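A short write-up of the structure that comes next.
Numbering (my numbering), first residue to last: 416 to 671.
In structure tokens:
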């Protein structure tokens, strides 16, 4: 009996499934440079409307409209730029993905807390004003706040990950950079960008935004790079923010 496998025998042997590459920057559904420009412009517009678009009535209506637009504008641009491949940034969600959301969210909390504990005496820090707003809010207002963070944080993921993929595409396809170097560059650049976006929230404390927020962003982007799934990075972001806002409320309720 021969123990040398034939070609047909080898076809019957299960092959390890390769991890899919990051979407849209290369391959059959790659977005062209001009279309990436439109997508990135939509991300900038989505961020700008948070501060520049007044909503009649303000309050909860304004919060919801801004949160929905933050996610909707980049998604609309992405669907236009890649009509056959735009959903590739989202993958299935099951038990494993939910566990990944929790894992990356808790990892982010642990690292951010450690960095803050180490550097707070050096660079100081300003509390997120949303914490004070929640402390004085009614139960219904708190429910609206936490619910509105779902589209809000999906939007924050989109306006970070889509520019990362755009920059990765330009560096790899146009300038022929090594993929790993290009990914590292895009990863760091978008983390810094994300940190600086929070300057108005944290009283223009540049060091705080770079040391705390940008570092947190590096880990949230890790969730997407590892899983290729924007639902996972969004879920991790929700776990992180809900924990940061709810723990003080629960502590105050217990001690009060």
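Beta carbons are placed, not taken as given, at the ideal position from N, Cα and C, and that holds for glycine.
On a predicted model such as this, the values are computed, not experimentally measured, just so you know.
- Under the DSSP assignment, residue 507 falls outside any alpha helix (DSSP H); it carries neither an H nor an E label.
- Residue 619 is classed as exposed because its beta carbon has fewer than 16 other beta carbons within 10 Å across all chains shown.
- In terms of Cα proximity to residue 437, the closest of 506, 457, 612, 660 is 506.
- DSSP, read as helix, strand or coil, puts residue 613 in coil.
- Taken through DSSP and simplified to helix, strand or coil, residue 619 comes out as coil.
- The closest CA to that of residue 579, considering only 599, 555, 449, 669, is found on 599.
- The criterion of a C-beta distance shorter than 7 Å is satisfied by residue 639 and residue 576.
- C-alpha of residue 503 to C-alpha of residue 648: approximately 14 Å in a straight line.
- Here the alpha carbons of residue 610 and residue 624 stand approximately 5 Å from one another.
- DSSP, reduced to helix, strand and coil, places residue 541 outside both helices and strands of the structure shown, so it counts as coil.
- In this structure, residue 574 places its C-beta atom within 7 Å of the C-beta atom of residue 489.
- Under the DSSP assignment, residue 458 falls in the alpha helix (DSSP H) whose first and last residues are 448-467.
- In chain order, 646 place their CB closer than 7 Å to the CB of residue 508, counting only its own chain and leaving out the 5 sequence neighbours on each side.
- Residue 665 and residue 643 have their C-alpha atoms spaced approximately 34 Å apart.
- In terms of Cβ geometry, residue 607 and residue 581 do not form a close pair [threshold 7 Å].
- Buried is the label assigned to residue 660, since at least 16 other Cβ atoms lie within 10 Å of its Cβ.
- A straight-line Cα-Cα distance of about 18 Å links residue 492 and residue 480.
- Residue 589 has its alpha-carbon roughly 29 Å from the corresponding atom of residue 463.
- Around the Cβ of residue 568, a 10 Å sphere holds 16 or more other Cβ atoms; the residue is buried.
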